[in-house]
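K.L.:
I have a structure I would like to understand better, so I am pasting it below and will then ask my questions one at a time.
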Amino acid sequence: MKSKGLIITLSVLGGILLIAVIVIGWGVSTYNKLVALDQGVTGAWAQVENQYQRRYDLIPNLVETVKGYAKHEQQTLEEVTNARAKVGQMVISPEVLKNPQSFQMFEKAQGELTSALTRLMAVSENYPNLKANENFLQLQAQLEGTENRIAVERRRFNEVVQAYNTSIKTLPTSFIAGFGGFGPKAYFQAEAQAQSAPQVKF
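Basically the working numbering = 1-based index in the sequence shown + 1.
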(Lines of atoms letter the chains of each structure in order from A and count residues from 1; the text may use other names and numbers.)
(Lines give C-alpha, C1' and ligand atoms only; values in the text may rest on other atoms or scores of the structure.)
Protein backbone atom coordinates (compact mmCIF):
# COMPACT_ATOMS: atom_id res chain seq x y z
CA MET A 1 0.00 0.00 0.00
CA LYS A 2 2.88 2.35 0.86
CA SER A 3 4.56 1.70 -2.47
CA LYS A 4 1.30 2.49 -4.30
CA GLY A 5 1.02 5.80 -2.41
CA LEU A 6 4.65 6.54 -3.19
CA ILE A 7 4.06 5.89 -6.89
CA ILE A 8 1.04 8.23 -6.89
CA THR A 9 3.05 10.90 -5.06
CA LEU A 10 5.94 10.57 -7.50
CA SER A 11 3.51 10.71 -10.42
CA VAL A 12 1.92 13.90 -9.05
CA LEU A 13 5.35 15.43 -8.40
CA GLY A 14 6.48 14.36 -11.88
CA GLY A 15 3.36 15.97 -13.38
CA ILE A 16 3.94 19.20 -11.43
CA LEU A 17 7.59 19.22 -12.46
CA LEU A 18 6.63 18.67 -16.11
CA ILE A 19 4.11 21.54 -15.96
CA ALA A 20 6.73 23.77 -14.29
CA VAL A 21 9.28 22.94 -17.00
CA ILE A 22 6.70 23.71 -19.73
CA VAL A 23 5.70 27.03 -18.11
CA ILE A 24 9.34 28.06 -17.55
CA GLY A 25 10.21 27.03 -21.11
CA TRP A 26 7.30 29.09 -22.46
CA GLY A 27 8.31 32.07 -20.31
CA VAL A 28 11.93 31.96 -21.48
CA SER A 29 10.86 31.54 -25.12
CA THR A 30 8.40 34.43 -24.86
CA TYR A 31 10.96 36.66 -23.14
CA ASN A 32 13.53 35.90 -25.84
CA LYS A 33 10.95 36.71 -28.54
CA LEU A 34 10.26 40.07 -26.87
CA VAL A 35 13.99 40.80 -26.69
CA ALA A 36 14.28 40.03 -30.41
CA LEU A 37 11.32 42.31 -31.22
CA ASP A 38 12.78 45.07 -29.03
CA GLN A 39 16.11 44.76 -30.82
CA GLY A 40 14.24 44.88 -34.13
CA VAL A 41 12.73 48.23 -33.11
CA THR A 42 16.17 49.50 -32.09
CA GLY A 43 17.64 48.34 -35.41
CA ALA A 44 14.86 50.00 -37.41
CA TRP A 45 15.38 53.19 -35.39
CA ALA A 46 19.09 53.10 -36.25
CA GLN A 47 18.19 52.96 -39.96
CA VAL A 48 15.92 56.00 -39.59
CA GLU A 49 18.70 57.87 -37.79
CA ASN A 50 21.15 56.81 -40.48
CA GLN A 51 19.04 58.44 -43.20
CA TYR A 52 18.51 61.58 -41.11
CA GLN A 53 22.28 61.75 -40.63
CA ARG A 54 22.80 61.43 -44.39
CA ARG A 55 20.46 64.37 -44.96
CA TYR A 56 22.13 66.33 -42.16
CA ASP A 57 25.53 65.81 -43.80
CA LEU A 58 24.29 66.94 -47.25
CA ILE A 59 22.87 70.26 -46.05
CA PRO A 60 26.11 72.32 -45.65
CA ASN A 61 27.16 71.56 -49.24
CA LEU A 62 23.69 72.41 -50.51
CA VAL A 63 23.58 75.69 -48.57
CA GLU A 64 27.03 76.71 -49.83
CA THR A 65 26.07 75.95 -53.43
CA VAL A 66 22.87 77.99 -53.19
CA LYS A 67 24.64 80.79 -51.32
CA GLY A 68 26.83 81.51 -54.34
CA TYR A 69 23.81 82.16 -56.56
CA ALA A 70 21.14 83.43 -54.21
CA LYS A 71 22.89 86.03 -52.09
CA HIS A 72 19.72 87.93 -51.20
CA GLU A 73 17.94 84.75 -50.01
CA GLN A 74 19.74 85.04 -46.69
CA GLN A 75 16.64 84.42 -44.57
CA THR A 76 15.94 81.06 -46.22
CA LEU A 77 19.57 80.02 -45.88
CA GLU A 78 19.57 81.01 -42.21
CA GLU A 79 16.36 79.03 -41.60
CA VAL A 80 17.96 75.91 -43.06
CA THR A 81 21.16 76.44 -41.07
CA ASN A 82 19.23 77.07 -37.82
CA ALA A 83 16.95 74.05 -38.35
CA ARG A 84 20.01 71.88 -39.02
CA ALA A 85 21.73 73.19 -35.89
CA LYS A 86 18.62 72.46 -33.82
CA VAL A 87 18.56 68.87 -35.07
CA GLY A 88 22.29 68.55 -34.43
CA GLN A 89 21.92 69.66 -30.80
CA MET A 90 19.43 66.91 -30.02
CA VAL A 91 20.96 63.91 -28.28
CA ILE A 92 18.96 60.98 -29.59
CA SER A 93 19.28 57.43 -28.34
CA PRO A 94 16.98 54.40 -28.55
CA GLU A 95 15.68 55.47 -25.11
CA VAL A 96 13.73 58.26 -26.85
CA LEU A 97 11.38 55.54 -28.13
CA LYS A 98 10.15 55.02 -24.58
CA ASN A 99 9.42 58.71 -24.04
CA PRO A 100 6.57 60.09 -26.19
CA GLN A 101 7.45 63.74 -25.39
CA SER A 102 11.09 63.33 -26.46
CA PHE A 103 9.98 61.46 -29.56
CA GLN A 104 7.60 64.31 -30.48
CA MET A 105 10.38 66.86 -29.99
CA PHE A 106 12.59 64.82 -32.31
CA GLU A 107 9.82 64.60 -34.92
CA LYS A 108 9.13 68.34 -34.64
CA ALA A 109 12.80 69.26 -35.17
CA GLN A 110 13.04 66.95 -38.19
CA GLY A 111 9.79 68.42 -39.56
CA GLU A 112 11.17 71.95 -39.25
CA LEU A 113 14.31 70.90 -41.11
CA THR A 114 12.23 69.29 -43.87
CA SER A 115 10.15 72.46 -44.18
CA ALA A 116 13.25 74.68 -44.38
CA LEU A 117 14.78 72.43 -47.04
CA THR A 118 11.55 72.56 -49.04
CA ARG A 119 11.72 76.36 -49.00
CA LEU A 120 15.38 76.21 -50.05
CA MET A 121 14.52 74.00 -53.01
CA ALA A 122 11.75 76.44 -53.98
CA VAL A 123 14.32 79.28 -54.00
CA SER A 124 16.24 77.48 -56.73
CA GLU A 125 13.30 78.00 -59.10
CA ASN A 126 14.14 81.73 -59.16
CA TYR A 127 17.71 81.14 -60.31
CA PRO A 128 18.08 79.44 -63.71
CA ASN A 129 21.88 79.31 -63.41
CA LEU A 130 21.60 77.60 -60.04
CA LYS A 131 19.09 75.11 -61.42
CA ALA A 132 21.58 74.27 -64.20
CA ASN A 133 24.59 73.98 -61.85
CA GLU A 134 25.80 70.37 -61.91
CA ASN A 135 26.87 70.40 -58.26
CA PHE A 136 23.45 71.69 -57.22
CA LEU A 137 21.68 69.11 -59.39
CA GLN A 138 23.71 66.29 -57.83
CA LEU A 139 23.04 67.55 -54.30
CA GLN A 140 19.35 67.99 -55.11
CA ALA A 141 19.14 64.43 -56.46
CA GLN A 142 20.95 63.08 -53.38
CA LEU A 143 18.66 65.02 -51.08
CA GLU A 144 15.54 63.80 -52.89
CA GLY A 145 16.85 60.24 -52.69
CA THR A 146 17.53 60.68 -49.00
CA GLU A 147 14.01 62.02 -48.38
CA ASN A 148 12.64 58.92 -50.10
CA ARG A 149 14.86 56.68 -47.97
CA ILE A 150 13.69 58.49 -44.83
CA ALA A 151 10.06 57.83 -45.79
CA VAL A 152 10.81 54.14 -46.44
CA GLU A 153 12.73 53.70 -43.17
CA ARG A 154 10.02 55.49 -41.18
CA ARG A 155 7.39 53.18 -42.69
CA ARG A 156 9.51 50.12 -41.86
CA PHE A 157 10.09 51.45 -38.37
CA ASN A 158 6.34 51.84 -37.81
CA GLU A 159 5.75 48.27 -39.03
CA VAL A 160 8.34 46.89 -36.59
CA VAL A 161 6.93 49.00 -33.75
CA GLN A 162 3.42 47.75 -34.55
CA ALA A 163 4.57 44.11 -34.34
CA TYR A 164 6.35 44.82 -31.05
CA ASN A 165 3.49 46.81 -29.49
CA THR A 166 0.94 44.18 -30.54
CA SER A 167 3.07 41.44 -29.03
CA ILE A 168 3.50 43.12 -25.63
CA LYS A 169 -0.24 43.80 -25.36
CA THR A 170 -1.41 40.32 -26.35
CA LEU A 171 -2.31 37.75 -23.70
CA PRO A 172 -0.52 35.82 -22.29
CA THR A 173 2.67 37.51 -23.60
CA SER A 174 1.67 40.71 -21.80
CA PHE A 175 2.46 39.03 -18.46
CA ILE A 176 6.06 38.38 -19.52
CA ALA A 177 6.27 41.88 -21.06
CA GLY A 178 5.15 43.45 -17.78
CA PHE A 179 7.53 41.31 -15.76
CA GLY A 180 10.44 42.02 -18.15
CA GLY A 181 9.82 45.78 -18.31
CA PHE A 182 8.90 45.86 -22.02
CA GLY A 183 6.89 49.06 -22.54
CA PRO A 184 5.20 50.39 -25.70
CA LYS A 185 7.24 52.26 -28.31
CA ALA A 186 6.24 55.47 -30.10
CA TYR A 187 5.26 55.63 -33.79
CA PHE A 188 6.22 58.22 -36.35
CA GLN A 189 3.08 60.20 -37.14
CA ALA A 190 2.08 62.62 -39.85
CA GLU A 191 2.42 66.29 -38.96
CA ALA A 192 -0.81 68.07 -38.07
CA GLN A 193 -0.83 70.16 -41.26
CA ALA A 194 -0.54 66.99 -43.38
CA GLN A 195 -4.20 66.23 -42.59
CA SER A 196 -5.49 69.03 -44.80
CA ALA A 197 -4.87 69.43 -48.52
CA PRO A 198 -2.43 72.24 -49.40
CA GLN A 199 -3.73 75.31 -51.13
CA VAL A 200 -2.08 76.03 -54.45
CA LYS A 201 -2.19 79.66 -55.62
CA PHE A 202 -0.91 81.05 -58.88
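Virtual Cβ for every residue (Gly too), placed ideally from N, Cα, C.
1) By Cβ distance below 6 Å, which residues in the same chain neighbour F183 in space, the five residues on each side in sequence not counted?
2) Using the Cβ count rule (16 or more neighbours within 10 Å means buried), how would you classify L118?
3) Give the range of the alpha helix (DSSP H) segment to which G109 is assigned.
4) Spell out a yes or no on whether the stretch 15–33 and the stretch 117–136 are touching, meaning 3 or more CB-CB pairs, one atom from each, closer than 8 Å.
5) Please list, in chain order, all residues of the same chain as A187 whose beta carbon is under 7 Å from its beta carbon, the five residues on each side excluded.
6) Measuring only the C-alpha atoms, how far is I23 from I177?
7) I'd like to know whether the C-beta atoms of A84 and E113 end up nearer to each other than 8 Å.
8) Are V81 and I60 closer than 8 Å when you measure CB to CB?
9) Let me know if N149 comes out buried or exposed under the rule of 16 or more other beta-carbons within 10 Å of its beta-carbon.
10) Classify N130 as buried or exposed, calling it buried when 16 or more other Cβ atoms lie within 10 Å of its own Cβ.
11) Output needed for L78: all residues of its chain with C-beta closer than 8 Å, excluding positions within five of it in sequence on either side, in chain order.
12) Taking Cβ to Cβ, would you say L172 is nearer than 8 Å to R56?
13) Check P185 in the structure and name its three-state DSSP category.
14) On a Cα-Cα basis, can you pick out the residue from R156, E74, L19, S12 that is closest to Y128?
15) Keeping to the same chain, check which residues put their C-beta closer than 6 Å to that of V161; ignore five residues upstream and five downstream.
16) For L172, which of helix, strand or coil comes out of DSSP?
17) Name the two residues that bound the continuous alpha helix (DSSP H) containing P95.
18) Let me know if L38 comes out buried or exposed under the rule of 16 or more other beta-carbons within 10 Å of its beta-carbon.
19) Give me the Cβ distance between V88 and Q111, rounded to the nearest whole Å; I'm assuming they're in contact under 8 Å.
P.N.:
If we stick to the structure as given:
1) L35, I169
2) buried
3) The sequence given here has Lys at residue 109, not Gly. Residues 101–124.
4) no
5) L98, P101, F104
6) 15 Å
7) yes
8) yes
9) exposed
10) exposed
11) V64, V67, K68, A71, L121
12) no
13) coil
14) E74
15) G41, V42, A45
16) coil
17) Per DSSP, P95 belongs to no alpha helix (DSSP H) and is neither H nor E.
18) buried
19) 6 Å
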